[in-house]
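Undergrad: For the first sequence, the positions run 420 to 703 when the numbering used here is used.
Positions of the beta carbon are idealized from the N, C-alpha and C atoms, including for glycine.
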Amino acid sequence: MKQFILKNNKSFNLKDIFECGQCFRWNKQEDGSYTGVIKDRVVNVKKSDDNFVFLSNNDEKLENIIREYFDLDRNYENIKENLSKIDEHMKISVEYGSGIRILKQDIWECIISFIISANNNIPRIKKIIENISKNYGKKIEFQEKDYYLFPTPEELSKATVSDLRALGLGFRDKRVYKTTQLVLNKDFDIDKLLYQDTNSIREELLKLDGVGEKVADCILLFGFNKFDVFPVDVWVRRVMNELYIHDEDETKVNKKQIRKIAKEKFLGIEGLAQQYLFYWKREQ
DNA sequence: CTGCAGGCCGGCG
DNA sequence: CGCCGGCCTGCA
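Right, dumping it as structure tokens:
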């Protein structure tokens, strides 16, 4: 079996990448490696001495796919250095999450996953997405285990609203159903958005049922790899208030104001800054 | 038993 | 516009 090996890289750490909150389907194995799905294949990545070894059920173009998915052609050293110069807070959080990389995830999967994330907790989000994949996605065998691809819009369109409810989506069932229909019918055309600017894509995403500003920004960051967004959830609001705003009632801080401050402060790569701050604060 | 978790929607002022 | 109540579900 062919494998792709990534040589020692200071800005690449499995825990930081998979547990900073950007993805839901990478699971830690007993040997410390992580297994997940990229496009139409299962991939396992394991740290071995100073290297990272990638294995897959499908070797074709493996390196290219890994390179794109893990954002390997971006110079994180340089970015981190610049962010660290901004202030002591950024310096600390960048050091803490120094192995983070922004994954380039499938946009369709991102849309559905973050609709599901609304007013939800991570274990349950993961469980729901796993249920959806098991019931509607294609099965792939890898290392003597069964894995499931995230279903295509066509595959997921087989699920009725009550089917979705039975998988544990709760009130998000209709949102996922409606969005699936729109994508399937090309009333929402992902391909047409690919080369548009952040604000145009954002405007389109906000038309989807279940996509508000926070979810839209997550899709922009983790699906479109647009770094000029700043997803504001309760954790980000909390940390931004503590560090920069100092309002006595954190819940009263305006989210639009937070995004504005981030845009001014974080050099147009506020999406990455958000990940460092979020991960650092979450793990306190 | 309440509270709450990586928000969003809809109604209202 | 901005604000606010309600919301599936599972776990503390």
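Hey, which unbroken runs of the beta strand (DSSP E) at 3 residues or more fall wholly within the region 427 to 486?
TA: DSSP runs (the beta strand (DSSP E)) wholly in the region 427 to 486: 453 to 457, 460 to 467 and 470 to 475.
Undergrad: Roughly how many whole angstroms lie between the Cα atoms of Ala585 and Ile511?
TA: Spanning the two alpha carbons is a distance of roughly 43 Å.
Undergrad: Roughly how many whole angstroms lie between the Cα atoms of Asp708 and Phe649?
TA: In the structure as shown, the chain begins at 420 and stops at 703. Residue 708 is therefore absent and cannot be evaluated.
Undergrad: Here's the rule I'm using: 16 or more other beta-carbon atoms within 10 Å means buried, otherwise exposed. How should Ile638 be labelled?
TA: So Ile638 counts as buried.
Undergrad: Could you please give the first and the last residue of the uninterrupted alpha helix (DSSP H) stretch that includes Asp490?
TA: It is not in any alpha helix (DSSP H) - Asp490 carries neither H nor E in the DSSP assignment.
Undergrad: Among residues of its own chain, excluding the 5 on either side of Phe443, which ones have a beta-carbon nearer than 7 Å to its beta-carbon?
TA: If we look at Phe443 and ignore the five residues flanking it on each side, its Cβ neighbours are Ser532, Ile544, Lys545 and Ile548.
Undergrad: According to DSSP, is Leu720 helix, strand or coil?
TA: As shown, the chain starts at 420 and ends at 703. That puts residue 720 outside it, with no answer to give.
Undergrad: Is Leu522 closer than 8 Å to Phe489 when the C-beta atoms are compared?
TA: Contact flag set, yes.
Undergrad: Among Lys564, Glu563 and Leu568, whose alpha-carbon lies nearest the alpha-carbon of Gly556?
TA: It is Leu568 whose Cα lies nearest to the Cα of Gly556.
Undergrad: What's the C-alpha gap between Tyr515 and Phe697?
TA: Straight-line Cα distance between these residues: approximately 11 Å.
Undergrad: Could you spell out where the beta strand (DSSP E) holding Asp565 opens and where it closes?
TA: That run of the beta strand (DSSP E) goes Lys564 to Tyr567.
Undergrad: Excluding the five sequence neighbours on either side, which residues of its own chain have a C-beta within less than 6 Å of the C-beta of Cys529, listed in chain order?
TA: The answer, listed in chain order, is Ile638, Phe641 and Gly642.
Undergrad: Give the range of the beta strand (DSSP E) segment to which Glu560 is assigned.
TA: First-last of the beta strand (DSSP E) with Glu560: Lys558 to Phe561.
Undergrad: For the region 495 to 511 against the region 618 to 637, do three or more pairs of beta-carbon atoms, one drawn from each stretch, fall closer than 8 Å, so that the two count as touching?
TA: No, the region 495 to 511 does not touch the region 618 to 637.
Undergrad: Just how far apart, CA to CA, sit Thr598 and Asp565?
TA: Their backbone Cα atoms lie some 28 Å apart in a straight line.
Undergrad: Asn497: buried (16+ other C-beta within 10 angstroms of its C-beta) or exposed?
TA: Flag for Asn497 reads exposed.
Undergrad: If you draw a straight line from the alpha carbon of Tyr596 to that of Val602, how long is it in whole angstroms?
TA: Rounded to the nearest angstrom, the two C-alpha atoms are 10 Å apart.
Undergrad: Determine the burial state of Phe471: buried for a count of at least 16 other Cβ atoms within 10 Å of its Cβ, exposed for fewer.
TA: Phe471 comes out buried.
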